[in-house]
Amino acid sequence: MMLNQFLLLSAFLFGTGIYGVITRKHTVLVLASIELMLVAVNINLVAFGATLNNAVGQVFALFVLAIAAAEVGVGLAIVLLIYRNLRSANPDDVNVLKG
Amino acid sequence: MATGFDAWVLTLTTFTPIVGLALVLLIPKVEEELIKIVTLATTVLTLGFALYVLYYFDYDHTAKLQFEVKKTWIEVINSNYHIGVDGISLPMLVLSAFVTVLCVIYSWNHFPEPHNVKAFLALILLLEVGMNGTFIAQDLILFFIFFEIVLLPMYFMIGVWGGPNREYASIKFFLFTLFGSALMLLAFLAIYFKTGINTFDIPDLIAADKSRITHGVQLIIFGGMFLGFAIKVPMFPFHTWLPDAHTEAPTVGSVLLAAILLKLGTYGFIRIALPILPEAAKSWAPWIGLLAVIGIIYGALGCLAQTDMKRLIAFSSVAHMGYVMLGISSLTAFGINAAVFGMVAHGLITGMLFFIAGSVQHTFHTREMSRLGGLLTQAPKMGWILGFCSMASLGLPGLAGFWGEFPAILSVFQPADGLNVAVFRTYMVIAAIGTVLAAGYLLWMLQKVAFGTPKDEWKDHHIHDVGTAEWIAWLPMLVLILVLGVVPGLMFKTTDDAVKTIVKAFPSTQTAPVKSHEPQAEHGDDAGTEHSEGDGTDHAPAESEHSGG
Amino acid sequence: MVAQNVAFWIFAAFMAVGAVRVVTTDNIVHAALWLVLVLAGGAAQFIILGQEFVAWVQVIVYIGAVIVLFLFGIMLTRAPMEAEEKLNNNLRWPGLVAALLFSGTIAWAFIDEWGNDNVALTKPVRTKEVGELIFRGYLVPFEVVGVLLLAALIGAVVMARKD
Amino acid sequence: MKHYWFLDNAWLIPLIPAISYFVILLFGKRFGERAAWIGLASIGSAWVLACGTVVQWISHVNASEHGGEPGGEHGAVETIRAFGRSIKLAAEGASAGGEGHASFVANPIIHSTTWFQNNGFKLDVGIHIDGLAVMMLFVVTTISLLVHFYSTEYLKGDRRFNHYFAALSLFSASMLFLVVASNTLQLLVGWELVGLCSFMLIGHWWEEKPNSNAALKAFLTTRTGDIGLLAGVIMTFFVVQRYTGTGSFDITQVNQAAIGLSLDGNSKSLLFWCAAALLLAIIGKSGQFPLHTWLPDAMAGPTPVSALIHAATMVVAGVYLGARVYPIFHEGLNIGDGGINLMAAVGGATLLVGAGLAFVQNDIKKVLAYSTISQLGYMVMGLGVGAWSAAIFHLFTHAFFKANLFLGAGSVSHSGAHHSFDMKNDMGGLRKFMPKTFATFMIGTAALIGVPLTAGFFSKDEILATASANEYTFFKYVGLLGAVMTAAYMTRCVYLTFFGEYRGGHADHGDAHDSHAAHTADGDDHGHDHGHAASNDHGHDANGGPHESNFPILGPLYFLSFMSIFAGWIFAPMLHHIFHWEIFEKFPLWVDPHVGSRGFPILEHPEFAWIDPILATAAGVVGVTLAYLFYWRKAYGQNITERNGALGAGKKLLVNKYYLDVLYTDVIVGATKGPIAQAAYWVNQNVIDNVLRYTGKGAAGAAKFVYKYIDQKGVDGIYNGSAAGTSALGGLSSKLQTGRLQYYALLVLFLLSAVAFAVVITN
C-alpha cells in the first residue's frame, strides 16, 4: 500500500470538513464537520504510525479521540445553551460579535 | 547556565501571574477586594522577582545571557525552553513587571464599565505572562507563543471594557496583529528550514552561518518578520489599528498597550530580525528608515487634526515609535541604544499620558478637547503632571524622552557602513522637523486642556484632583521619567554591550575603532564599503584609518 | 497487499461519498447518519493499517457515543427531522475555494514529500504494545487527557443545566 | 597651576538655584510669600559665587600673563601660514597686536565627569570656565538677583507668586547650566530648559488666551530654530570625529577641530553646514530676522521676566552659542575674509528690521522688544564681522541698560499707568510724577542710543570699528544707520512716556487691572487666597494716581543705571587713548580666549581712531534730532520749547547744526517712520506672521486632509477595501465585520491555507 493514498484520503476529508464548517447552517452540523476533520487527522496519524512501524501514531490518535469526545460534549452543551437563549441553532444568528 | 534560585527566577517572573490567575479564578466574583489584593500581591511578587534579576544582574557582562535556562521542550522540532536576559531585555522585563503593578494599583477604583473586576484583573495577569515571557524567550517558538498570548487578553480588554466603538476596534486590533504574526511565524519556519541547523534557538541562529541562504530569500524572510513586527510597532502604513485600539481601550489597556505591547515589535526587531539576518537588514534599512520618518511626520500631522485627547496621544505613539525605528534603521550601536532607551522612555511617558487622559475622562466624562479647559485651575496637580508629561514627550532635555530622540537623530547622521549617507541625512532633517511638530501638537493639547478657564459646563462641578491610588501609580513613573532624563547612563550602561554584539554584523565608523582590535575585522566584508555613495566629503582620512580594518 | 488495496479504495469511496453528503444533505438526521458511515469507514481503514485498538475505540467512542450525542443535540434543538430548507448558507463558493485551496496544498505537500513511501507494516500492532506505550512513554499526557475529559464533563453539565 | 576654589567649583552656581527650584516647588505652599526669599537667597549665593569667579578669573589671567606660560604653539603656527587668510595667524596676532593678549595662554578651567557612556563614546557633564563664561555668570546672576528683588514688589499678591519664583529659580539654574556647559550637548540641554522656563513665564497668566498663545508661539518658534541646534550639535560631534577619529561634543575639542579641519582644507562643506545649522538656532533663540516675531509677543509675560529673559539673558543665549563655538562660524562662514557672510547679513538685516519696527509701536514694552531684536542684531552682526570681543562686550553692556529700560517700563506701568503699557493712552508727562524712574530710564536710553561715555556707546562703537577694520565696510554703515534709527525711536518712546500731558486718568481701572485680577477659582484652596488681599492693595495704590515706585523697584533701577554708564568703561579704547589707564582695556584681556592658535581664531582689536566715535555720536545726534523735529512739527506744533526749556535749547542747537538737513528731515525720517516702517511692520504682521500662521493653518489643513481622506479613507480604505474585495469575490455584500462566526472561520482558513501554501512553496 502506498502511504499516499491514506494521506490523500485524509486531505479530502479535511477539505470536506472545512467546507462544512464554513457553510452549514446548523450548529450541530458544524460540529459534525469538525468531526470529519478530526477523523482525517486520525487517519493521517495512524497511517504514519503504520509506516514507521510503531504504535506512537495510534497512541496519538487515541488522544485525539479523547479530546474529540470532550470537544463534542462541550460543543453540544454550548449549542444547547445557544439554542435556549436564541431559539435558534443557526450560527449566523450568533452575531453579538458583529462590528 | 544559571544554577539554584537564579535558574528559577526568570521562570518565576514569567509564570507567577499564572498562579495568581488561578487563585483569582477560584475566588467568587463578589469578593472584589480580595481579588484586587490577590492580584496586587501577585504582580508585586512578580515585580519582586524582576527586581531580583535587576539587582543580581551582572552589569559588567551585559552582552551575555544571564539567568539562562535551557531545557528540552519540544524535541521533535528541536525547540527548547530557552530563557535568559541580557542588557536589552532586562530593562524591558523590569518595565513590564513594573507597569503592570502600577496598572493594578490605578485600577483599584477606576474600573471601567462593565466593572467585572475578576475578569478584568485575570486578563491583566494573563497579559503579564505574555509580556514578561516575550522578553525572556530565547527560542523562536517560545517567543512566538508568548507574543501570541498577549493578543487575547488585550482583545477582550478592548472588546469588553472598551468605548462605544469597541467591537470594531478590537476586531481590527486582533486581525491586524494576527495577520502579522502569521507572516512572522512563516518567517520563523523559513529560518528554521533554510539555515540548515534545524533549530529555533535564537543565539544559535545568530551564530549560524547564513551563507546557505541566498540574499533574495533572506530579503523575503526578513520581510515576513518585518511585517509581523512592524504591525505591532506600528510603523506607518500599518498603524491604523493603533488609534482605534487606543481610543476604545480602557485606560489600563491603553497604558499597557502603549507601554509594553508596542515594544514587543521593536524588541523583536532588535532581538530577532536584525541579528539573525544582518545582510537583509542592511538592504531593508533605508526602507525602514523611510517608513519611520514618514511615521514621524505623519503621526504628528495626525495629532494636529485631532479633537479627542486620547486619540491625539495615540497618534503621537506613531510618531514616537518612528524615532525608535529610525534609531534601529541606522544599524549603529548608537541608534539601537537610543531605540531601547526610546522604548522605555516612550513606555513611561505615553503610559503616563494615557493615565492622565483616563483620569480626565473619568472626571469630565469626555475627552473632547474643545469641551475641556482650565484643568490647571480646577485640578492643578493633574494639570501640572500633564504639563510635565507633555514636556517629556516632546523631548525636553533633562527628561527621559530626549535621550530616545536625540541619539536616534544623531545616529542617522552617520549610519552603518554601506548605507546611503545622503538618504539618511535627509531622514535626520525630517526627523528634526518632527520634533517641532511634536512640540506643536503637545503644547496645543496642553493649552486646550490645561490653560484657560474652565468651560461653563464644568464651572460648578467639584473636580477631584489626583487621588491616592493615582499618586501611588503615577509617582514612580514620574520619578523614573525624571531620573532617566537626568542620568541616562543608567540605561545606556545596561544596553550598551548587548547592543554592540548585535551590530557587530554591521561595521560602522563609530564602532570601527573597537572593531579593528578584533581578528574577524581582518577578513570581514567591510573592505571597500567605507566610501559610501552620495556624499564624497563624508569620510575624512582620519576615520578611514580606523574603518579600513 | 492487493486485497488490502482493494478494500482501501472501497472504503475510501464510501467515506468520500459519506463525507460529501454530511456537508451537503439538507436533512439533518441524514447528515448524522452519513457521518456514521464516514466514521465506520475510518475504523475500517485503521484495521487495514493493522491498528486494531484504535479502530475499536473509534467504533465505540464515535459511533457508540458521539453519534448518540449528536442525535440528542439534534432533537434537543428541535431541528426539523425532514428537509425543509437549505441547510447550507451563502458561503458555499468561498467555502469551496478555501477547502480546495487547503486540501490541495496539503495534498501537494504529501505527494511531494511522501510520493514514493510505502506503508511498511510487517505485523499488526497489538493492544499490549499500545498499552505499554501509553503507560510508559505517555503517562502524563494520558493523565492530562483524563483531567480534560473530566473538565469537559463538568463543563458540559454546568453549561447545559437549566437554571 | 594654581587652584582657584571659585573657578573649580563653578558647578555650584547653577546647582543652588536648581535646589531652590525644587524647594519652592515642593514646599512653596508652606512658605507662602516667603518663598520669594528662598529664591532671592539662592540667587544671592549664586551671585556671590559668580563674583568670586570673576575675581579669581582675573587673577588667573594676570597670573598667566605675567607668570609666563608662554605663547602657545608658536612652532606650529609658522607652518600654517600658507593656508590663506581665513585664519589669522597667531604669530601675526602676537607681533602685530602688541597688546599681548594673544601671546600668552590662560587655560580655561575645565572639570568634567562622565554623564553616560554609549557605545564607547563618553558624554561628560562639566564646567568650562573661561572669560566668556565668567562674564556671563556675572551678568546672569546679577540681573537675576535684581529681577528677583524687583519681583517681590512687582508681583506682590500674584495668584501664582510661588510658581513664579520657582520658575525664576529654574530659569536661573538652566541659564547658568548653559553658561558653564563644557560640551555642546550640555549646552543644548540648558538651551531647551531655558526655553521651557520662557514658556512657563510668558504664559504665567495662562488663564487669558493671548498669554498662552504667546507662550506657545515663543516655544514653537524657538523650537523651529532648534532644528538647527539639533542638527548643528550633532554635526559638532562629527566635526570632532572627522578631525580626531573619535567624536565628541567637548567645546574645546570642537573649536580645535574646526580650526584644524579648516587648515586641512577638505571639510569646508561640513563646517559650513554645521555653522548654518547653528546659525538657524541663533536666529530662533536670539530673535533674529526672520524668526524674531515671537519676541514682541513674549512681552505678554510679567515685566521682570521680560527684563531677565527676553532682554538680558535668554535671548542672548544664541549670541553666547555663537561666541562659544566661534571657530565653527569663523571657518564655516569664512568670517575672516571680509565682504559679506551669512551671519553678518542676518545680524544686519535684523538690526534694521527691528529698529524700523520700533517706530510704530504704542506699547512701551513692544518698543523695547523691537529694540532688543535690533540690538541682538548688532551682536550677531558683530560676531559675523569678526568683532568677537566687541559683540560679547555689547552683550555685556546691553544686558544692563536693556534690563534697566524694561524694569523702568515696569515701574512706569506698575505705579504710573494702572498696569497698562500703552504709551499713547495711559502715559505721558510722567516725569513729574516719578522723577527717579524717569532719571533711570533716561540713563538707560542714553546708553541704548549711544550717548558718549555711556556703556552702549563704547560697545557699539567697538563693533563698528572692528567691522571696518575687518573689511566689512557695508556692515559698518548698516550699524550706523541702525544707530540713527535707535536714537530716533527711543526719543519718541521717551517723549510719549514722560513728556507731554498725563493721559492716564481716564482709564477704567477694571480693565487696566486684568493682569492682576485674581482669578477666583470656586471652592478650591490652591493658593489663590493671596490674590484678593493684594489686589485690593493695588486698587488702593492705583486710585492714588501716578506716583513714584518704592524701593524694591527703584533699587535695581539705580544699580542698573550705574552699570549702564560705567560697565562700558572696561573696554573703552577712546578713554584709553586719552588717559592710558589700563582699566580701559581690561575687558578683552579678561574675556578673550587665550588658548593658542589652534584653539580659537586670533581676535584682532583695531587701533583706536577718532573717526569711529565721532561717526557714532553723529549718528545718535542725527537720530535724536530727526525724531525730535518730526514729532514736534507733526504733532505738537511750536510751543514745545515753552514746556521744556532744556529740550528747546537742544532743539535750537541741533536745528542750527543741521540746518541744511532740514530738507531731508521730512523726506527721510518721514519716509522711514511712515511708509517704510509701516511697510516693514505690514510685512511683519501680514507676510511673515502670515507665513507662520498659514504654515500652521496649512499644516493643520493638510493634517485634516491627510487624516480625513488618506488615513481614514485611503490607508484604512485599502484595508477595508481589500476586505470588501474578498467579500465580493465570495458573493458577499456584507462588510468585514459581519459578526458571522463562519465568516471569520473562512478568513482564518484562507489565511491558514495561504500560510501553508507559502510554506510548501518555499520548501
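Protein chains in written order, with my numbering: chain A, 108 to 206; chain B, 8 to 556; chain C, 6 to 168; chain D, 37 to 799.
The beta-carbon is built from N, C-alpha and C at its ideal position, and this holds for glycine as well.
Treat the numbers as computed from the prediction; the structure is a model and nothing was measured.
Neighbour-count burial assignment, residue i, 16 or more Cβ in a 10 Å radius
i, result
"residue 615 of chain D", "exposed"
"residue 610 of chain D", "buried"
"residue 144 of chain C", "exposed"
"residue 330 of chain D", "buried"
"residue 314 of chain B", "exposed"
"residue 305 of chain D", "exposed"
"residue 376 of chain B", "buried"
"residue 218 of chain B", "exposed"
Beta-carbon contacts of residue i that lie in its chain and below 7 Å, excluding the five residues immediately before and after
i, result
"residue 470 of chain B", "370, 385 and 386"
"residue 182 of chain A", "138"
"residue 2 of chain C", "Beyond the ends of chain C as shown, which are 6 and 168, falls residue 2 of chain C; an answer cannot be given."
"residue 321 of chain B", "249, 250, 253 and 254"
"residue 557 of chain B", "The shown model of chain B, from 8 to 556, leaves out residue 557 of chain B, and the question about it has no answer."
"residue 330 of chain B", "303, 349, 411, 412, 415 and 438"
"residue 319 of chain D", "261, 327 and 382"
Contacts around residue i, its chain only, beta-carbon distance under 6 Å, and the 5 residues preceding and following it disregarded
i, result
"residue 100 of chain D", "140 and 142"
"residue 323 of chain B", "310"
"residue 327 of chain B", "353"
"residue 477 of chain D", "444"
Residue i to residue j span [Cα, whole Å]
i, j, result
"residue 305 of chain B", "residue 454 of chain B", "22 Å"
"residue 254 of chain B", "residue 439 of chain B", "28 Å"
"residue 21 of chain C", "residue 98 of chain C", "19 Å"
"residue 466 of chain D", "residue 321 of chain D", "34 Å"
"residue 200 of chain A", "residue 176 of chain B", "22 Å"
"residue 793 of chain D", "residue 96 of chain C", "22 Å"
"residue 92 of chain C", "residue 124 of chain A", "15 Å"
"residue 776 of chain D", "residue 411 of chain B", "44 Å"
"residue 287 of chain D", "residue 513 of chain D", "34 Å"
"residue 791 of chain D", "residue 210 of chain D", "57 Å"
"residue 345 of chain D", "residue 325 of chain D", "19 Å"
"residue 188 of chain A", "residue 18 of chain C", "37 Å"
In DSSP terms, what residue i is bridged to
i, result
"residue 521 of chain D", "The partner list for residue 521 of chain D (beta bridge, DSSP) is empty, contrary to what the question assumes."
"residue 164 of chain D", "D:146"
"residue 630 of chain D", "D:142"
"residue 79 of chain B", "B:87"
Neighbourhood of residue i by C-beta distance below 8 Å, restricted to the same chain and skipping five residues each side
i, result
"residue 307 of chain D", "275, 294, 297, 298, 364, 367 and 368"
"residue 392 of chain B", "359, 363, 473, 481 and 485"
"residue 180 of chain B", "161, 162, 165, 248, 251 and 252"
- Message: Does the structure place the segment 233 to 247 of chain D close enough to the segment 266 to 275 of chain D that three or more beta carbon pairs sit under 8 Å?
- Response: No, they do not touch.
- Query: Hey, is the segment 625 to 641 of chain D in contact with the segment 81 to 99 of chain D, meaning 3+ C-beta pairs nearer than 8 Å?
  - Reply: With the cut-off at 8 Å, the segment 625 to 641 of chain D and the segment 81 to 99 of chain D touch.
- Per the contact definition of three or more C-beta pairs closer than 8 Å, is the segment 126 to 146 of chain B in contact with the segment 254 to 270 of chain B? The segment 254 to 270 of chain B vs the segment 126 to 146 of chain B: in contact.
- Query: Are the segment 146 to 154 of chain C and the segment 176 to 190 of chain D touching by the rule of at least three beta carbon pairs closer than 8 Å?
  - Reply: The segment 146 to 154 of chain C vs the segment 176 to 190 of chain D: no contact.
- Task: Decide if the segment 63 to 75 of chain D is in contact with the segment 154 to 174 of chain D; the criterion is three or more beta carbon pairs, one per stretch, under 8 Å apart.
- Result: Under the three-pair Cβ rule at 8 Å, the segment 63 to 75 of chain D does not count as touching the segment 154 to 174 of chain D.
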